[in-house]
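Colleague: Just so you know, the protein sequences line up as chains D and B, in that order.
First residue of the first sequence? That's -9 in this note's numbering, and the numbers climb one at a time after it.
First residue of the second sequence? That's 19 in this note's numbering, and the numbers climb one at a time after it.
For glycine and all other residues, C-beta sits at the position ideal for the given N, C-alpha and C.
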Amino acid sequence: MSTTSLIGREVHVDAEGFLTEFDEWDEALGAELAAQIGVAMTDDHWALIRFLRADYAETGQTATTRRVATVGGVPVKQQFELFPKKPGKKMAYVAGLPKPAGCV
Amino acid sequence: MRTLLILGAGTAGTIAANKFRRRFAQDEWAITIVEQRGAHFYQPAFLFIPFGKYPPERAQRNTDRYIPKGVTRVEGEVDRVDPDARTATLLDGRTLPYDYLIIATGTSPHPEETPGMTDDWHGHVHSFYTYEDAVELRSALANFDGGRLVMHITEMPIKCPVAPLEFTLLADDHFRSRGIRDKVDITFVTPLSGAFTKPVAAETFGGALSDRGISLESDFLIESIDPEKQQLVSYDEREVPYDLLVTVPLNRGAAFVGRSGLGDELDFVTVDKSTLRHTKYDTIFAIGDAANVPTSKAGAVAHFEMDTFPEQFERMVNGEEPNDAFDGHATCFIESGGGKAMLIDFNYDTEPLPGTFPVSKLGPLPLLKESRLNHLGKLGFEWAYWAMLLPGRRMPLPAHMSMKGKKVPH
């Protein structure tokens, strides 16, 4: 576990740069994380990120692209448009959450 | 008198029936098991049937041989559970009351969930996760004389997540022994970023693929199959053509789990990963593939769960706190062709690592390395499955994963 400095704050991250402390995140930090991976945030992006945060708070797991589609109501195709190539990982990264599990 | 109702008589449900019948006195606990299929399959055989290495009929036995005396066996399909009334209703209308419910109805492939996947099913599109699919694929492979073979995973989680990799390595071996390997292009298509999710194993498995000239198409999330053009199409508009497609369709839990409000978006039962108790209902538990715990969906996991779960279940239903937690322990043999196999051992927190299993220094089985001993271990396991594992007899393996013998890379 290491720390890194983002927008003048020390935050905890894993080896791949995903935030590890749920409470260290806020939307200013989310915007910075998005900029790092070349995503310009719009209202649609934020709606998705807010769903991911709320869902994680309830379930303790990062929502998969399927869950974002069926529970969050954003079709997978649109997730790919908002977060190209690797939506599952990119959404989690911007939302300050662990990579989606279900991968073992 | 209390009633324990077990739904499903696969690996997890059958072990549970045996272990709970021995643990609980007959005059204190009535145990009923609902069996949905009528037959019990040795599912590791489904990987070998397509290569003509295993006679299909040997994989199937009658379930009732493995349900102990003193357990009431009910045949039927579950329609719904009412967690407040504490009843399970079957499709034929029968209603079974319970004090405690254990859901063990597993996971099933759903090819109909991917547009185009069923259009050419058992034509150019195959799978091996059911008995019928494995038998059909045997003919398709025998008739395949060259072209593009694609092994494809739709979405995680899937049952036995190493099986697609094993199938790919065995296919390479199969075409080599038929002398036509140079006529076959093999591609491994996965929604993951590598051959496996966990970095150390992904590197080993990725090496096993590239050493054999097998292409890897990663981060591929399928949108549809075009059966006319014979190609997979991803959400980011990549296309992978095939002459023979072997796919792992979307896996879902039993539909009644969703109808009863007990599951997640894939109908896997939402439970606490340490206690296997439902997140909302104290009287409901889930074991084996049916549970949404973040470890492999595999018989080995069901087995290790049942080393700790019966005692913890008894504590919980008697109002005591659990004093031991399930750690997500999984152990899997990975057939790699040429009479060799690899072995991995891991849990919720520790990824598969190199070393030896199960005893430090003595081994005898090497982890994350191809060896003939591992292959023999996999073959020998079939006997142990029927004779020891299903009846719930003690196996010489630790319930919790151990770091003994494992080498942590720096």
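For B/HIS418, collect the residues of the same chain with a Cβ closer than 7 Å to its Cβ; drop the 5 residues on either side in sequence, then sort them by chain order.
Modeller: ASP345, HIS347
Colleague: Which value, in whole angstroms, describes the spacing of the CA atoms of B/PHE399 and B/ASN36?
Modeller: 19 Å
Colleague: How would you call B/GLU47, buried or exposed, if buried means at least 16 neighbouring beta carbons within 10 angstroms?
Modeller: Here residue 47 of chain B turns out to be Trp, not Glu, going by the sequence shown. The residue in question, B/TRP47, is buried, as its Cβ has 16 or more Cβ neighbours within 10 Å.
Colleague: Going residue by residue through the stretch 323 to 391 of chain B, where are the continuous alpha helix (DSSP H) segments of at least 4 residues, counting only ones entirely within it?
Modeller: none
Colleague: Just to confirm the assignment, what range does the beta strand (DSSP E) spanning B/MET421 have?
Modeller: First-last for B/MET421: undefined, no H or E at that position.
Colleague: Quickly, what does DSSP pair B/GLN249 with across the bridge? List them, please.
Modeller: Checking the DSSP bridge columns, you'll see B/GLN249 partnered with B/ASP244, B/PRO259.
Colleague: Does the Cβ-Cβ distance between B/LEU408 and B/TYR149 come in under 7 Å?
Modeller: no
Colleague: Please report how far the alpha carbon of D/VAL94 lies from the alpha carbon of B/THR301, in whole angstroms.
Modeller: The predicted model places D/VAL94 with a pLDDT of 40, which falls under 50 and marks its position as unreliable, so this point remains unresolved.
Colleague: Going by Cα to Cα distance, which pick from B/ASP290, B/ILE121, B/TYR366, B/GLU283 is closest to D/VAL63?
Modeller: A quick correction: the sequence has Gly, not Val, at residue 63 of chain D. The shortest C-alpha separation from D/GLY63 is found at B/GLU283.
Colleague: Going by Cα to Cα distance, which pick from D/GLY7, D/THR52, D/PHE12 is closest to D/PHE24?
Modeller: According to the sequence shown, residue 24 of chain D is Ala rather than Phe. Comparing C-alpha distances from D/ALA24 to each of D/GLY7, D/THR52, D/PHE12 shows the shortest one belongs to D/GLY7.
Colleague: Using 7 Å as the limit for Cβ to Cβ distance, is D/LYS76 near chain B?
Modeller: yes
Colleague: Per DSSP, what kind of secondary structure is B/SER195 in: helix, strand or coil?
Modeller: helix
Colleague: Report the residue ranges of all alpha helix (DSSP H) runs contained in full by the stretch -1 to 69 of chain D; include only those spanning at least 4 residues, in chain order.
Modeller: 17 to 26, 33 to 49, 55 to 60
Colleague: If you reduce the DSSP assignment to three classes, tell me which class B/GLY395 lands in.
Modeller: helix
Colleague: At what residues does the beta strand (DSSP E) containing B/TYR118 begin and finish?
Modeller: 118 to 121
Colleague: Hey, out of D/LEU87, D/LEU72, D/LEU(-4), whose CA is closest to D/TRP36's CA?
Modeller: D/LEU72
Colleague: Taking B/ASN365 as the reference, give the member of B/ALA320, B/LEU383, B/PRO340, B/LYS396 with the closest Cα.
Modeller: B/ALA320
Colleague: How big is the Cα-Cα spacing for B/ASN161 and B/ASP261?
Modeller: Rounded to whole angstroms, B/ASN161 to B/ASP261 spans 12 Å at the Cα level.
Colleague: Would you please state the rounded distance, in angstroms, between the beta carbons of B/ARG166 and B/THR205? I believe it to be under 8 Å.
Modeller: Confirmed, Cβ separation roughly 7 Å.
Colleague: Quick check: is the beta carbon of D/PHE70 nearer than 7 Å to any beta carbon in chain B?
Modeller: yes
Colleague: In chain B, which residues lie less than 8 Å from D/VAL66 when you measure between Cβ atoms?
Modeller: LEU239, GLU241, TYR253
Colleague: Could you check if D/ILE145 is buried or exposed, using at least 16 other CB atoms within 10 Å of its CB as the buried criterion?
Modeller: No information on residue 145 of chain D is available, as it lies outside the stretch -9 to 94 that chain D covers here.
Colleague: Please list, in chain order, the chain B residues whose beta carbon lies closer than 8 Å to that of D/ARG57.
Modeller: ASP282, GLU283
Colleague: Nearest to B/SER145 by CA position, among B/PRO328, B/PRO372, B/VAL266, is which residue?
Modeller: Considering only B/PRO328, B/PRO372, B/VAL266, the residue with the shortest C-alpha distance to B/SER145 is B/VAL266.
Colleague: When the Cα of B/ASP203 is compared with those of B/ALA219, B/THR186, B/GLY212, B/LEU250, which residue comes out closest?
Modeller: B/THR186
Colleague: Compute the distance between the beta-carbons of B/TYR60 and B/PHE66, then report whether it is under 7 Å.
Modeller: no
Colleague: So that I know if they touch, is there some Cβ in chain B lying closer than 7 Å to that of D/PHE73?
Modeller: Under the Cβ criterion of 7 Å, D/PHE73 is not counted among the residues facing chain B.
Colleague: Which of the three DSSP states is assigned to B/GLY165 in this structure?
Modeller: strand
Colleague: Does the stretch 151 to 159 of chain B touch the stretch 286 to 300 of chain B, meaning 3 or more C-beta pairs lie closer than 8 Å?
Modeller: no
Colleague: Would you mind giving the Cβ-Cβ distance between D/VAL84 and D/ILE39, rounded to the nearest angstrom? I have them listed as a contact below 8 Å.
Modeller: 6 Å
Colleague: Check whether chain B comes within 7 Å of D/THR52, counting only Cβ atoms and requiring the distance to be less than that.
Modeller: no
Colleague: B/LEU109: buried (16+ other C-beta within 10 angstroms of its C-beta) or exposed?
Modeller: exposed
Colleague: Give the interface partners of B/GLU173 over in chain D, defined as CB-CB distance under 9 Å, in chain order.
Modeller: THR54, THR55, ARG56, GLY92
Colleague: Is the CB of D/VAL61 under 7 Å away from at least one CB in chain B?
Modeller: yes
Colleague: Okay, do the stretch 234 to 249 of chain B and the stretch 133 to 141 of chain B touch, 3+ Cβ pairs below 8 Å being the bar?
Modeller: yes
Colleague: Should B/VAL426 go down as buried or exposed, given a rule of 16 or more other Cβ atoms within 10 Å for buried?
Modeller: exposed
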